[in-house]
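Numbered per numbering that gives the first Met the number 0, the sequence shown spans residues 0 to 257.
Think of the CB as a built atom: it goes at the ideal place given N, C-alpha and C, for glycine as much as any other residue.
Right, one structure below, let's go through it.
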Amino acid sequence: MKLTPFDTLQDKRLGKIGTPERDAFEAKVNQERFMIRIENIYKKYGQLEVLKSVSLRIEERQVVSITGASGAGKTTLLQIMGSLDKPDAGSVFIGDTDLYRLSAKKLAAFRNQQIGFVFQFHYLLPEFSALENVMMPALIGAEKPGVAKERALELLRFLGLEDRQDHKPSELSGGEQQRVAVARALVNRPQVVFADEPSGNLDTANALALHRLFFELKEKYGQTFIIVTHNHDLAAMSDRCIEMKDGMIVADTRKGRL
Ligand SMILES: Nc1ncnc2c1ncn2[C@@H]1O[C@H](COP(=O)(O)OP(=O)(O)O)[C@@H](O)[C@H]1O
Ligand SMILES: [Mg+2]
Numbered sequence: 000m001k002l003t004p005f006d007t008l009q010d011k012r013l014g015k016i017g018t019p020e021r022d023a024f025e026a027k028v029n030q031e032r033f034m035i036r037i038e039n040i041y042k043k044y045g046q047l048e049v050l051k052s053v054s055l056r057i058e059e060r061q062v063v064s065i066t067g068a069s070g071a072g073k074t075t076l077l078q079i080m081g082s083l084d085k086p087d088a089g090s091v092f093i094g095d096t097d098l099y100r101l102s103a104k105k106l107a108a109f110r111n112q113q114i115g116f117v118f119q120f121h122y123l124l125p126e127f128s129a130l131e132n133v134m135m136p137a138l139i140g141a142e143k144p145g146v147a148k149e150r151a152l153e154l155l156r157f158l159g160l161e162d163r164q165d166h167k168p169s170e171l172s173g174g175e176q177q178r179v180a181v182a183r184a185l186v187n188r189p190q191v192v193f194a195d196e197p198s199g200n201l202d203t204a205n206a207l208a209l210h211r212l213f214f215e216l217k218e219k220y221g222q223t224f225i226i227v228t229h230n231h232d233l234a235a236m237s238d239r240c241i242e243m244k245d246g247m248i249v250a251d252t253r254k255g256r257l
């Protein structure tokens, strides 16, 4: 009988929990199984407990949506998962990397290479073209300009923006700007992409197009997408939907397993 990783974790023959051998084994199993693993995250702003012992494991190749009322702690959780904000307690693993054990310099390098972000406002640099904006993270990551350009063009083509490559952000529509921001998030081929209300400023048609794109990108490049959204259609399309309330996860639903 072949044991699944979860079965093997239960197998007492693997030794006592807490020994270095067992820890190494569990780390390996977790690494195979989870793209993101967060354990007992706490975060306070002054007296306000924004995240109260949040734990979550997310497999690779998933589109996961996070929903919940304003103030529930969604952005805070996303920023902590995405290496942008340190928790007061708890740990965050992306693959086998324990984010908040890295030095600031290593964390910045890891973020540049392995994590992509898309925000509600595109934050494209106004004085640069669409192509230059998309190339930027690759150039910051010391990629050769030729390679950076090739990758940026491939993404712009995939996103239907090839003929907009020389346009400045102000010369693009809202939907186009957001797609350029998605291309920029993907140019270093990160394993994980975090998006905070990416369609918050788009009309229905452009929001739907952007949401479809996340699924196409998952199929093509195999990335994991974690998307905070108020959009019910996107939440319903997702592989998994997590609902937050008052700093806690209150529902976790997988597609086809309601
Ligand atoms: N930097 C901060 N300083 C103080 N309070 C904050 C800060 N960031 C968020 N908060 C508070 O934490 C709570 C959760 O915020 P947030 O994570 O942005 O929620 P959501 O994204 O679900 O709307 C809110 O009450 C918010 O006002
Ligand atoms: Mg928010």
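Item to complete: Flag Lys73 as yes when its Cβ comes closer than 8 Å to any non-hydrogen atom of ligand 2, and as no otherwise.
Response: yes
Practice prompt. Give, in chain order, every unbroken run of the alpha helix (DSSP H) that is at least 4 residues long and sits entirely within the region 134-220.
Written response: 144-157, 173-185 and 203-220
Worksheet entry | Member of Ile57, Lys51, Asn200 and Asn39 whose CA lies at the smallest distance from the CA of Ser90 | Asn39
Worksheet item: What did DSSP end up calling Leu130 once you bin it into helix, strand or coil?
Response: helix
Fill in: 3-residue-minimum beta strand (DSSP E) runs that sit fully inside the region 55-91, ordered along the chain
62-66
Worksheet item: With 16 as the cutoff for other CB atoms within 10 Å, does Arg36 come out buried or exposed?
Response: buried
Worksheet item: Within this structure, are the beta carbons of Glu161 and Leu171 separated by less than 9 Å?
Response: no
Discussion item. Between which residues of its own chain and Gly159 is the CB-CB distance below 8 Å, once the five residues before and five after are set aside?
Written reply: Arg178
Worksheet item: In terms of residue numbering, what span does the beta strand (DSSP E) encompassing Lys244 cover?
Response: Arg239 to Lys244
Worksheet entry | Same chain, Cβ closer than 8 Å to Lys51, five either side skipped, listed in chain order | Tyr41, Asp245, Gly246 and Met247
Discussion item. Taking DSSP's pairing of strands, which residues face Thr96 in a bridge?
Written reply: Ile93
Worksheet entry | Cβ-Cβ distance between Thr228 and Pro197 below 9 Å | yes
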